[in-house]
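Asker: What follows is a single structure, and I will ask about it in a moment.
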Amino acid sequence: MSKITKTPTGLRVPDAVTIPFITGDGIGKEISPVCRAVVDAAVKQAFKGNRSIEWLEVEAGQEAFKKRGSYLPDETVAAFKEYRVGLKGPLNTPAGRGVRSLNVALRQALDLYACVRPFRYFYGVYSPVKYPERIDITVFRENTEDVYAGIEWPFGSDNAAKFSKFLTEELQETKVRFPETAAFGVKPVSKEGTERLVRQAIQYALAHHRRSVTLVHNGNIMKYTEGAFCNWAYELAEREFGPYLSSGRLVVTGITCDAFLQNAISNPDEYSVIATLNLNGDYISDVLAAQVGGVGMAPSGNINYETGHGIFEVTHGVASDIEGKNVANPSSLILSAAMMLEHIGWNDAAKLIVTAMERVLRQGISTSDVAESQKHGKCVGTKEFGDALIAMMNPSSHFGTR
Ligand code: NAI
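All the letters of the sequence shown, read from the start, carry residue numbers 439 to 840 under this note's numbering.
If you want it as structure tokens, here you go:
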């Protein structure tokens with residue numbers, strides 16, 4: 439078992455690296471082996487057999503619960519901590535507890551503060567908008583704060599009553615319209631949390647030759663949380679990246695979330711890298727995903743850039759309506775794995791996967807969720823789509839990408 443370690447300048451990745459993965463529930467069982475086969479083929483092809491991945495299966499979700507009585511065993515969290523970078527399929531919602539709690543537990547355990555989601559269009563994929571190729575936007579969504587921090591109390595609970603009393607008596611707050619029947623949630627937004635996210639968004643923009651970082655916020659209404667997010671972000675940009683701003687190499691600008699959501703549909707090419715808070719990021723991601731082919735196509739990575747920890751995962755759910763039919767689209771997981779390869783510096787393998795995806799989809803070969811909408815699409819199964827990607831990467835095949 440070979441572990442990734444963190445050095446002051448980045449990650450040290452052994453040539454035979456161990457990567458933990460969660461297969462996931464539902465269609466996870468179908469897309470996970472296909473994804474691993476595609477990644478193995480890309481790594482082999484890119485590094486001529488000198489690098490490889492040793493996949494380490496770790497349990498979570500329904501299977502883990504059946505076998506171990508826990509939806510997220512401690513060993514699983516420990517493996518992601520120890521091996522630093524991993525891959526995750528979709529997990530079902532355990533009855534009475536949100537699946538969010540599994541994802542949140544993993545993110546909290548590793549402090550994966552940045553949810554990074556690149557949205558781009560692959561020619562050949564159905565889109566409900568006229569010019570989806572104008573979308574090439576990477577969203578940096580803060581993952582640990584905001585109303586999604588999970589600090590809330592239900593109506594009628596002791597804590598809601600205590601909080602209401604504290605607001606009215608200690609803080610002389612009179613703006614709660616119906617204090618007797620209110621539930622409460624808290625929206626923490628910190629300077630540290632903002633700065634570490636925005637710093638990475640800017641560094642990403644510079645490393646990927648992007649011209650702008652847009653802060654998406656509702657600071658006009660929520661002055662001391664979202665307004666502060668914006669102010670801290672501008673201060674950080676000025677302080678740490680001043681020469682890039684003054685030379686015009688990079689522009690850091692801001693827009694309210696409602697205006698952005700409108701523009702994301704009418705003028706998406708005005709945006710390149712987005713830095714935003716947790717709740718806004720949720721809405722923004724779905725609006726952008728819908729335009730580039732939906733949940734089956736959109737990848738994501740949850741990353742802590744200081745420790746190097748990262749979990750790369752599908753953005754869709756377990757899709758039990760199509761489970762076991764070999765029709766699920768494995769692209770979200772495969773593109774997430776390509777992000778993972780980039781994160782560990784195996785860029786050549788990542789590029790092979792993305793190029794193969796571009797070419798296979800351009801030929802009209804895709805799973806039914808995408809093929810259904812294509813004029814000349816060839817609908818293939820989950821496994822066959824993976825085989826087409828692998829064939830496309832093979833230089834001896836007439837499909838070869840090189
Ligand atoms: P879902 O994403 O599972 O399904 C919504 C629709 O999209 C369904 O019609 C499904 O067939 C289709 N779909 C999803 N992924 C697809 C793919 N790869 N290829 C083709 N079609 C695909 O969302 P839903 O129904 O809201 O959630 C089902 C379960 O999944 C719930 O228990 C939910 O909590 C969980 N979930 C887990 C997530 C995760 O672990 N990352 C994310 C979202 C939901």
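Think of the CB as a built atom: it goes at the ideal place given N, C-alpha and C, for glycine as much as any other residue.
(1) Among PRO570, GLU497, THR805, ASN669, which residue has its Cα nearest to the Cα of VAL900?
(2) What is the DSSP secondary structure of TRP670, counted as helix, strand or coil?
(3) Can you name, in chain order, every residue of its own chain whose Cβ lies under 8 Å from the Cβ of GLY783, other than the five neighbours on each side?
(4) If you count every other CB in all the chains shown that lies within 10 Å of the CB of GLY657, and 16 or more means buried, which is it?
(5) Only counting runs of 3 or more residues, tell me where the beta strand (DSSP E) segments fall wholly within the segment 488–564, in order along the chain.
(6) So VAL577 and ILE803 are supposed to be a Cβ contact under 8 Å. How far apart are they, rounded?
(7) Report the option in GLY819, ASP453, VAL798 whose CA atom is closest to the CA atom of ASN832.
(8) Which one of HIS647, GLU630, GLY692, SER490 has the shortest CA to CA distance from ALA454?
(9) State buried or exposed for LEU609, treating a residue as buried only when at least 16 other CB atoms are found within 10 Å of its CB.
(10) Take the Cβ of ARG535 as the centre, count every other Cβ of all protein chains shown within 10 Å, and call the residue buried at 16 or more, exposed below.
(11) Kindly list the residues whose CB is nearer than 8 Å to the CB of VAL725, restricted to its own chain and excluding five residues on each side of it in sequence; keep chain order.
(12) Tell me whether LEU529, by its Cβ, gets closer than 7 Å to a heavy atom of ligand 1.
(13) Using the Cβ count rule (16 or more neighbours within 10 Å means buried), how would you classify SER508?
(14) Where does ARG648 fall in DSSP's three states?
(15) Whose C-beta lies closer than 6 Å to the C-beta of PRO626 among residues of the same chain, with five residues either side of it excluded?
(16) Kindly list the residues whose CB is nearer than 7 Å to the CB of ILE469, restricted to its own chain and excluding five residues on each side of it in sequence; keep chain order.
(17) Taking the alpha helix (DSSP H) that LEU699 falls in, what are its first and last residues?
(18) In terms of DSSP beta bridges, what is PHE578 paired with?
(19) Once the 5 residues before and after THR714 are set aside, which same chain residues still bring their CB inside 8 Å of it?
(20) Alpha carbon to alpha carbon, how far is THR745 from ALA479? Give it in angstroms, no decimals.
(21) Quick one: grab the DSSP three-state call for GLY719.
(22) How about ALA454: is its Cβ closer than 7 Å to a heavy atom in ligand 1?
Answerer: Taking the structure as given:
(1) Nothing about residue 900 can be read from this structure; the chain reaches only from 439 to 840.
(2) helix
(3) GLY448, LEU449, VAL451
(4) buried
(5) 490–495, 523–526, 552–558
(6) Rounded, the Cβ-Cβ distance is 28 Å, inconsistent with contact.
(7) VAL798
(8) SER490
(9) exposed
(10) Note that ARG535 scores a pLDDT of 49, beneath 50, so its modelled location is shaky and nothing firm can be said.
(11) LEU699, ALA702, ILE703
(12) yes
(13) exposed
(14) coil
(15) GLU583, ALA587
(16) GLY527, ALA766, PRO768, LEU771, THR820
(17) 695–704
(18) VAL554, ALA713
(19) VAL577, PHE578, ARG579, GLU580, LEU653, VAL654, HIS655, CYS695, ILE722
(20) 28 Å
(21) helix
(22) no
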